[in-house]
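At position 11 of the sequence shown the residue is numbered 13 (this note's numbering), and the sequence of numbers has no breaks.
Below is one structure, written out as structure tokens; the observations come after it.
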Amino acid sequence: MTLRIFIVLLAGIWAAAFTGSAAGQDIRVQASTDSLRPGEVFEFRIDFEAARAYDTVLYPDSTFFGREFFIRNKELSRRSRSATYELQFFGVNDVLLDQLAIRAVQGGDTLLLAVPPTAFGFRSVLQPVDNLRPMKPIFEFPYGIQGLIFAFLLAMLAAISAWHIYTRYFKKPPPPPPAPPAEPPVFDNPLRRLERGIAELESGFAAGSIAAEELYLRLSFLLREYYERIYAFPALEQTSREVLNSLKQRKVAQPHYDTSSQLLNTSDMVKFAGFTPETDDIKTDLEALRAAAAQLKKLNSGLIQQLEMEHLRKYRVTEHVNTREVRTP
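This is the structure:
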């Protein structure tokens, strides 16, 4: 009771403090009750007589009411002179509704008007109980029944423990089924991969579907990828000068070295210097790339055959390898 009187006095002081803002704008509140029980639904109304003087009036929404109140329904009167709420209370204590505010918009300005606070007392749904003693004495089990229950539980615990020990330490799991033999991967012939890439570049150039910069980037990648697999040096991570030095160390035939040098240098000019070759120059470079592939086929047929043999030995595949011609995958 003392707490309820304190809340009512606090509401009166708060209302007096807001007399200049709320009363000056003629804002009134009405509630269908002054005390609430958990889950109770009641009506709450806010009247704003000066609403017609503003362009837009925004009444409080759920963010202003807090967690104690749930808005079940909200109705605005004509010209927004009042708002009627159907609220449901979910609190467990006395509550002071003092955070409500109306936003009045006129032109480009927004005025925040405080709504007079409203206090609600809390009514419990439980009746006071003086004595919670049982209505009759607690039944006592006979000593024999308690012993049987204890023995049953002990037997169950022993059985579960024995089963756990047996399955973990003595029972052997069934052997896994034999794994089917894995199919070995097909040997990826570096020369055939290079020739397929050249064919894609030629078809894209003929159809006009590939730009010059992309064409030369892919051209350089095809050569570097082939060199890395055949000559076993990191051509994809080296500069063009380092790639050419590596080719020279491996004593690559001079005609192929000259062709590769010209193609890699042109690719660098397109990539780093913004050079755009003419159509005839691109066609000439593609022909040179095709000729380089033909040179590599003659130079490295033995190396490719050796790579294929190592692939077959790795996967233990018994297969005939033609010593005269390199097979296509």
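Glycine is no exception: its CB is placed at the ideal position from the N, C-alpha and C atoms.
From a predicted model like this one, the values you see are computed outputs, not experimental measurements.
Helix, strand or coil at residue i according to DSSP, with G and I counted as helix
i	result
D49	strand
G2	Absent from the model: residue 2. The displayed extent of the chain is 3 to 331, so no value can be given.
V43	strand
Q240	coil
T112	strand
S248	helix
P257	helix
Y317	coil
S211	coil
N302	coil
K273	helix
M311	helix
A181	coil
P187	coil
G199	helix
D283	helix
L128	coil
G206	helix
G149	helix
E289	helix
R81	helix
R69	coil
L102	coil
P1	Since the displayed the chain opens at 3 and closes at 331, residue 1 lies outside it and no answer follows.
A160	helix
A353	Within the shown structure, residues of the chain are numbered from 3 to 331, placing residue 353 beyond reach of any answer.
T278	coil
V117	coil
For residue i: DSSP bridge partner residues
i	result
N75	E88
V97	F122
S37	G123
T58	V107
V31	I48
L221	In the DSSP output, where bridge partners are listed per residue, L221 has none listed.
Cα-Cα separation, residue i to residue j
i	j	result
L314	K174	38 angstroms
T169	P176	12 angstroms
L113	I104	8 angstroms
G149	E42	52 angstroms
L128	R39	10 angstroms
L196	L224	6 angstroms
M311	S211	39 angstroms
G304	A181	36 angstroms
G93	F67	12 angstroms
R80	Q90	25 angstroms
F189	E227	16 angstroms
L115	E70	22 angstroms
S269	A213	13 angstroms
K250	E185	39 angstroms
S163	I147	24 angstroms
M158	P187	56 angstroms
K75	S64	Looking at the sequence provided, one finds Asn at residue 75 rather than Lys. Taking the straight line from one Cα to the other gives about 11 angstroms.
E45	G110	33 angstroms
F274	R252	28 angstroms
Y317	I306	17 angstroms
A1	V31	There is simply no residue 1 to check, as the chain begins at 3 and stops at 331 in what is shown.
F172	P179	21 angstroms
L217	N302	25 angstroms
V272	L219	8 angstroms
G206	S262	21 angstroms
I344	P118	What is shown of the chain runs 3 to 331, which leaves residue 344 out entirely.
F208	T278	Checking the displayed sequence, the identity of residue 208 turns out to be Ala instead of Phe. Roughly 17 angstroms separates the two Cα atoms.
L244	L309	What sits at residue 244 in the sequence shown is Glu, not Leu. Between E244 and L309, the C-alpha separation is close to 24 angstroms.
A153	A161	12 angstroms
Q101	L155	60 angstroms
Whole-angstrom C-beta distance between residue j and residue i, which should lie under 8 angstroms
i	j	result
L193	K299	6 angstroms
A85	I48	5 angstroms
S242	L266	4 angstroms
I73	Y61	Not confirmed; about 11 angstroms, so no contact.
*Between the segment 53 to 65 and the segment 29 to 37, are three or more C-beta pairs nearer than 8 angstroms?*
no
*When the Cβ atoms of the segment 93 to 102 are set against those of the segment 117 to 127, are three or more pairs found closer than 8 angstroms?*
Taking 8 angstroms as the limit for Cβ pairs, the verdict is that the segment 117 to 127 does touch the segment 93 to 102.
*asked:* Between the segment 192 to 202 and the segment 284 to 303, can you find at least three pairs of beta-carbon atoms closer than 8 angstroms?
replied: yes
*Do the segment 228 to 243 and the segment 273 to 283 touch if we need at least three Cβ pairs shorter than 8 angstroms?*
Not touching, per the Cβ criterion.
*Using 8 angstroms as the Cβ pair cut-off and three pairs as the minimum, do the segment 290 to 301 and the segment 242 to 262 touch?*
yes
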